[in-house]
Amino acid sequence: MAGAVIVHHTTRYKTYPGEITGIVVFACLIASVAGCIFGYDIGLTSGLTSTEPFLVKFFPSIYEEMKKQVVVNQYCKFDSQLLTLFCSSLFLSAMTAAFFAGPLTRAFGRKWTLFTAGSAYVCGAVLGGVSVNFPMLLTGRILVGAGVGLSIQASPLYISEMAPAQQRGMLNIMFQLMITVGILTANMTNYFASKIPGGWGWRIAVAFGAVPAGVIALGSLAIPDTPTSLIQRGDTATARKTLAQIRGVGDVREEFDDLSTASEEAKAVENPWRELFFGGKYKPQLTFSLLIPFFQQLTGINVIMFYAPVLFKTVGFKQNASLVSSIITGLVNVFSTFVAVLTADKVGRRALFLQGGTQMIISQILVGTFIGLQFGMSGTGAISEQYAMCIVLFVCVYVAGFAWSWGPMGWLIPSEIYPLAVRSAAMSVTVAVNMFFTAFIGQIFLTLLCHLRFGLFYFFGGWVLLMTLFIAMLLPETKNVPVEEMAHIWKKHWFWRKFVVDTSPDARSAEMRKRIALEMS
7 MAGAVIVHHT
17 TRYKTYPGEI
27 TGIVVFACLI
37 ASVAGCIFGY
47 DIGLTSGLTS
57 TEPFLVKFFP
67 SIYEEMKKQV
77 VVNQYCKFDS
87 QLLTLFCSSL
97 FLSAMTAAFF
107 AGPLTRAFGR
117 KWTLFTAGSA
127 YVCGAVLGGV
137 SVNFPMLLTG
147 RILVGAGVGL
157 SIQASPLYIS
167 EMAPAQQRGM
177 LNIMFQLMIT
187 VGILTANMTN
197 YFASKIPGGW
207 GWRIAVAFGA
217 VPAGVIALGS
227 LAIPDTPTSL
237 IQRGDTATAR
247 KTLAQIRGVG
257 DVREEFDDLS
267 TASEEAKAVE
277 NPWRELFFGG
287 KYKPQLTFSL
297 LIPFFQQLTG
307 INVIMFYAPV
317 LFKTVGFKQN
327 ASLVSSIITG
337 LVNVFSTFVA
347 VLTADKVGRR
357 ALFLQGGTQM
367 IISQILVGTF
377 IGLQFGMSGT
387 GAISEQYAMC
397 IVLFVCVYVA
407 GFAWSWGPMG
417 WLIPSEIYPL
427 AVRSAAMSVT
437 VAVNMFFTAF
447 IGQIFLTLLC
457 HLRFGLFYFF
467 GGWVLLMTLF
477 IAMLLPETKN
487 VPVEEMAHIW
497 KKHWFWRKFV
507 VDTSPDARSA
517 EMRKRIALEM
527 S
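One rule links them: number in my numbering = place in the sequence shown (from 1) + 6.
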């Protein structure tokens, strides 16, 4: 493996003429707002699940359980499959939408997929804000989920294809940064909405998601589609003009030719889904398209973000105190993501994965231990102020570690490793797996908390240890590698080179010469 690390640092890849331009920054900023609507809904859900007027309206049985004047098991008092179904419905909808996003981005482009996503989210947010019954609320939630699924498939692809290779990490992490901004905005909106007299403030919080979604829908009309997508759909003249515009130089022949070659190879693939799963050429990429989003959810981060107010109320915080604590973790999430923005293209993806993973393991063990010492296995008792502060502190340490590792890298790596032939399909797989396990973990979290108690944090810590070892052994470094040349990193990796099928003309000629030599001998 040491040899593989040396390759990561010594291999030189093409550098195309051009620099980061204003139009690239603007276009990537608009696309990254897709992360904001995703994050907003994560934070919104976390607040709604502990907002009394909302629970009274749609989940009265949970509200009544909360109000019982008896000592209950602190681990189990929020255990409700109907409540977790509400939380999970968005992600099941997003998972379904992700499979439609692949054909959409391939046929109509990344830009128009973003427009469709923003429009769907606006409709769902407005419907949710005026809901008078659970079916109406759930319908709005499903529309919002469709918008999320389409947008988070198209957005990382759009950014990776627009960005120069040397700044791709920084620009792509804007997507994760926007997720953290969305979570923080939702936490603050939940807090101020809870102050509105009359108990209808939650409606403002739900409908407010239409604002960033509207930015995506309207902003997508003002940005160009990616040169890769334009070439893939046969509009080569516009593609060349757009490429020159976003690179800020007149001579883009070399990059344009490479994109055209990749497009011709992609057109030869009639069924990208079959090629991805059964073609045999993309085993490393398929492995990461499945395992990166799977592992990302098993860090437990969305559990923390979904249920932060519920979790803090469980360990003894009051209503407003739990929302304030969520704002604190949201601020940590935002500012820690800037670490990844500033370092991903310098220290590399692997270093952030490994450092962040180690930090998350330690903090999860400590959070579980503090909760266990206070509540034990019975789940009864009250928490002291000192213990409460320690729990918030190490939750923040955990969130910081995620924010510069599995958070941004979990979206960056999948968006940059796929060849054009299977890029849309593979990104759809990544999003679908992410959404499925987000929904699954969200659906079972409160039940797991009830049964595993403080051991739940050890459960997630064990998974983080496993995924950190996976990254250490099997992920090659991708910083500064042009997307069109990403196939080379697998051919040079100590493990993946055994599984890569090289179909280039040079490789075929070498294989033919080898066969002739064997026959002659």
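From the three backbone atoms N, C-alpha and C, an ideal C-beta is built for every residue, glycine too.
Around the beta-carbon of residue 489, 16 or more other beta-carbon atoms lie within 10 Å, marking it buried.
Between residue 399 and residue 292, the alpha-carbon positions lie close to 37 Å from each other.
In terms of CA proximity to residue 38, 187 leads the group 187, 114 and 126. Looking only at 175, 182, 242 and 427, the smallest Cα-Cα distance to residue 277 is reached by 427.
Straight-line measurement puts the Cα of residue 485 at about 13 Å from the Cα of residue 493. Within a 10 Å sphere around the beta-carbon of residue 502 sit 16 or more other beta-carbons, which makes this residue buried.
The beta carbons of residue 412 and residue 461 sit no closer together than 9 Å.
Counted as a single uninterrupted DSSP element, the alpha helix (DSSP H) harbouring residue 414 occupies residues 412 to 423. Around the C-beta of residue 176, 16 or more other C-beta atoms lie within 10 Å, and the residue is accordingly described as buried. With distances taken between CA atoms, residue 58 lies nearest to 209 out of 209, 357 and 35. In this structure, DSSP gives residue 434 a helical state, which the three-state scheme calls helix. Look at residue 390 here: in three-state DSSP terms it is coil, with no helix or strand label.
Annotation for residue 353: no alpha helix (DSSP H) segment contains it, and DSSP assigns it neither H nor E. With respect to the 9 Å criterion, residue 481 and residue 280 are not classified as neighbours on the basis of their beta carbons. Each of 474, 454, 68 and 262 was checked against the Cα of residue 364, and the nearest Cα belongs to 474. The C-beta distance from residue 447 to residue 218 rounds to 25 Å, too long to meet the 8 Å contact threshold. Following the DSSP letters along the chain, one finds residue 485 in no alpha helix (DSSP H), marked with neither H nor E. Note on geometry: alpha-carbon atoms of residue 168 and residue 378 lie some 48 Å from one another. Exclusion of the five residues before and after residue 117 leaves 226 and 231 as the residues of its chain whose Cβ lies within less than 6 Å of its Cβ. Residue 274: not part of any alpha helix (DSSP H); DSSP gives it neither H nor E. As the crow flies, the alpha-carbon of residue 51 is around 26 Å from that of residue 296. Across the set 155, 63 and 141, the C-alpha of 155 shows the shortest separation from the C-alpha of residue 99. Under the criterion of beta carbons closer than 8 Å, residue 346 and residue 414 qualify as touching, at roughly 4 Å.
Between residue 101 and residue 441, the CB-CB gap stays under 9 Å.
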